[in-house]
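Step one of this worksheet: look at the structure below.
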Amino acid sequence: MSNPVKLTPQHLKELQDEMVWMKTVREKEVADLIKEARSFGDLSENSEYDEAKDQQGKLYSREAEVQAILDNYVLIDESTMDDTSVAVGGSVKVLDEEFDEELEFRIVGTQEADSMDGRISEESPFGKALLGKHVGDSVKVHAPAGEFTYRILEISNS
Numbered sequence: 009m010s011n012p013v014k015l016t017p018q019h020l021k022e023l024q025d026e027m028v029w030m031k032t033v034r035e036k037e038v039a040d041l042i043k044e045a046r047s048f049g050d051l052s053e054n055s056e057y058d059e060a061k062d063q064q065g066k067l068y069s070r071e072a073e074v075q076a077i078l079d080n081y082v083l084i085d086e087s088t089m090d091d092t093s094v095a096v097g098g099s100v101k102v103l104d105e106e107f108d109e110e111l112e113f114r115i116v117g118t119q120e121a122d123s124m125d126g127r128i129s130e131e132s133p134f135g136k137a138l139l140g141k142h143v144g145d146s147v148k149v150h151a152p153a154g155e156f157t158y159r160i161l162e163i164s165n166s
């Protein structure tokens with residue numbers, strides 16, 4: 009069995025809601041598309057049918073992916089965290105010492121990571137370097153683009 013996926017309570021709810029939507033609403037929509045496309049006749053040259061079946065395949069694939077996550081996750085218990093060190097599920101404000109720029113990130117599990125939205129994976133070089141550190145610590149991040157230094161300004165794990 010693979011390692012459990014770490015999820016925040018919010019992301020767990022999003023995945024559960026997505027699964028319900030796929031099983032109830034989306035499966036019916038796709039079934040209706042297939043039924044309508046079949047009514048057009050010859051399936052061998054029916055692009056609507058091919059498209060509907062493709063959508064069905066993508067839906068089933070996503071359902072399997074979400075179900076695999078829901079079957080193998082660990083909930084990040086935010087109530088047990090404190091603000092003394094960086095932890096998964098918490099937020100951290102850092103100073104990029106090279107550019108003298110303040111940045112804020114939330115450390116999350118790999119399923120929730122979205123660097124454009126400020127959510128950094130705990131398994132990324134940046135996430136790994138920050139975990140367990142304290143306010144005032146200077147952190148060197150070794151990344152493919154080079155080495156970067158950040159100073160931790162603030163931690164919020166609640």
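Numbering (the working numbering), first residue to last: 9 to 166.
Positions of the beta carbon are idealized from the N, C-alpha and C atoms, including for glycine.
Buried/exposed call for residue i, threshold 16 Cβ in 10 Å
| i | result |
| --- | --- |
| residue 9 | Residue placement at residue 9 is flagged as unreliable, the pLDDT there being 49, under the threshold of 50; a coordinate-derived value is accordingly withheld. |
| residue 14 | buried |
| residue 19 | buried |
| residue 138 | buried |
| residue 90 | exposed |
| residue 53 | exposed |
| residue 165 | buried |
| residue 39 | exposed |
| residue 144 | exposed |
| residue 129 | buried |
| residue 95 | buried |
| residue 8 | In this structure the chain extends from 9 to 166, so residue 8 is not present and cannot be described. |
| residue 97 | buried |
| residue 102 | buried |
| residue 135 | buried |
N-terminal and C-terminal residue of the alpha helix (DSSP H) that residue i is part of
| i | result |
| --- | --- |
| residue 71 | 55–79 |
| residue 138 | 133–138 |
Close Cβ partners of residue i (< 8 Å) along its chain, the five nearest in sequence each way excluded
| i | result |
| --- | --- |
| residue 30 | 67, 70, 71 and 74 |
| residue 155 | 148 and 149 |
Same chain, Cβ closer than 6 Å to residue i, neighbours up to 5 away in sequence not counted
| i | result |
| --- | --- |
| residue 151 | 133 |
| residue 17 | none |
Contact set for residue i: own chain, Cβ-Cβ below 7 Å, skip 5 residues either direction
| i | result |
| --- | --- |
| residue 105 | 157, 158 and 159 |
| residue 41 | 60 and 63 |
| residue 26 | 74 |
| residue 21 | none |
| residue 45 | 54, 56, 57 and 60 |
| residue 34 | 67 |
Where the beta strand (DSSP E) through residue i begins and ends
| i | result |
| --- | --- |
| residue 110 | 109–116 |
| residue 155 | 154–164 |
| residue 15 | 13–15 |
| residue 151 | 146–151 |
One or two residues paired with residue i in a DSSP bridge
| i | result |
| --- | --- |
| residue 41 | According to DSSP, residue 41 bridges with nothing at all. |
| residue 82 | 14 |
| residue 100 | 113 and 163 |
| residue 122 | 127 |
| query | Counting pairs of beta carbons, one from the stretch 113–126 and one from the stretch 80–100, are three or more of them closer than 8 Å? | reply | In short, these stretches touch, since the Cβ pair count reaches three.
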